[in-house]
Amino acid sequence: MRQQLTDLDAAAVRENRERIEAEMMRACRRAGRDPGGVELLAAIKYVAVEGLEALAGAGVSLVGENRAQDLVAKHDRYGERFTWDFIGHLQSNKVRQVLPRVRLIHSLDSLSVVREIQQRAEIPSNVLLQVNIGEEASKYGIIPGEVNRFLEEADRFSMVNFTGLMTMPPLVADPEKSRPAFAALREMAEKLTREWQGRYRFTQLSMGTSNDYTVAVEEGATIIRVGSILYN
């Protein structure tokens with residue numbers, strides 16, 4: 002397991018954040034997009050509770066946690082300092098911990114979680130459907146050919162509101178090789194929005210990480226999830 006980051010330098014994180022945001026802005030210009038339509042999410046899986054103070058001092062506003070128990074510990078300490086999303090694999094027995102603490106769940110991919118949200122939510126919960134765009138056996142997510150069937154099953158549950166899609170493409174060294182996967186997710190979202198008109202609008206695309214976020218922005222990402230390049 003990687004060591005938790007405890008002693009982050011706020012000035013260094015701020016400098017990294019500003020550099021990433023400048024790259025995001027340039028990518029938006031290349032794609033003819035409004036930079037205001039893309040959010041930078043700081044992935045905090047490897048940031049200890051003590052390290053979050055530096056993120057707040059660096060002007061980071063949106064964070065994403067992978068593990069329910071860590072979300073609880075970090076949110077209980079810094080709940081008002083950030084907007085919180087959940088970006089890790091979510092099991093149904095963790096929904097009760099996650100649901101009241103987050104704005105958005107990026108990683109919904111099972112009907113058992115849908116049912117648990119339906120039972121526990123007091124208002125409709127915004128979620129992204131995780132799509133296994135590369136159909137990799139080692140990754141979570143619904144494969145593209147099963148997405149519509151999954152949505153038809155999930156549509157019976159009124160407390161689950163799909164607002165977009167999330168993916169993690171196959172890991173490659175060259176960011177350009179991720180472009181087809183990002184484009185495919187955008188095209189899928191556009192198609193689903195047409196097909197589910199009046200029920201869901203798949204306007205949010207959570208895609209792109211430290212290695213390939215500029216390509217993701219060019220292909221329509223509305224949330225990029227960065228970790229290492231923000232902290233190193």
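In this text, residue positions in the sequence shown follow the working numbering: the first is 2, and each later residue adds one. In this text, a Cβ means the ideal position worked out from N, Cα and C, and glycines have one as well. Being a predicted model, the structure only gives us computed values, none of them experimental.
Residue pairing of V216 in beta bridges, as defined by DSSP: absent, with no partner found.
Within the stretch 25 to 109, the runs of beta strand (DSSP E) that reach at least 3 residues and sit entirely inside it are, in chain order, 40 to 44, 63 to 66, 84 to 87, 105 to 109. With respect to A49, E220 sits apart: the two C-beta atoms are not nearer than 9 Å. Its chain contains F83, T84 as the residues whose beta carbon lies nearer than 8 Å to that of S62, once the 5 sequence neighbours on both sides are disregarded; these appear in chain order. A straight line joining the alpha-carbon of I106 with that of D86 spans about 6 Å.
C-alpha of L130 to C-alpha of L193: approximately 11 Å in a straight line.
Beta bridge pairing from DSSP links L166 with L130, L206. Annotated three-state conformation of V161 is strand, per DSSP.
With fewer than 16 neighbouring CB atoms inside 10 Å of its own CB, R195 falls in the exposed class. In the three-state reduction of the DSSP assignment, V114 falls in the helix class, which pools H, G and I. A direct Cα-to-Cα measurement between R187 and L206 gives close to 7 Å. A Cβ-Cβ contact shorter than 9 Å links R226 with T210. Rounded to the nearest angstrom, the gap between the Cα atoms of G38 and C29 is 9 Å.
Beta-bridge partners assigned by DSSP to L6: V48. Of I45, H76, E16, the smallest CA-CA separation from Q5 is found for I45.
Here DSSP, grouped into helix, strand and coil, assigns V227 to strand. Going by DSSP, R180 is part of the alpha helix (DSSP H) stretching over 180 to 196. Taking each of E123, V173, A55, D35 in turn and checking the Cα distance to A43, the smallest one comes out for A55. Using a Cβ distance threshold of 9 Å, I88 and G65 count as a contacting pair.
Close CB contacts of D213 within its chain, under the 7 Å cut and outside five residues either way in sequence, are with P176, S179 (chain order). Within its own chain, the residues whose Cβ lies closer than 8 Å to the Cβ of V96, once the five positions on either side in sequence are excluded, are V114, E117, I118, R121, listed in chain order. If you ignore the 5 residues before and after P36, its C-beta comes within less than 7 Å of the C-beta of M25, M26, C29, all in its own chain and listed in chain order.
Between G228 and P171, the beta carbon gap of about 18 Å keeps them out of contact (Cβ cut-off 8 Å).
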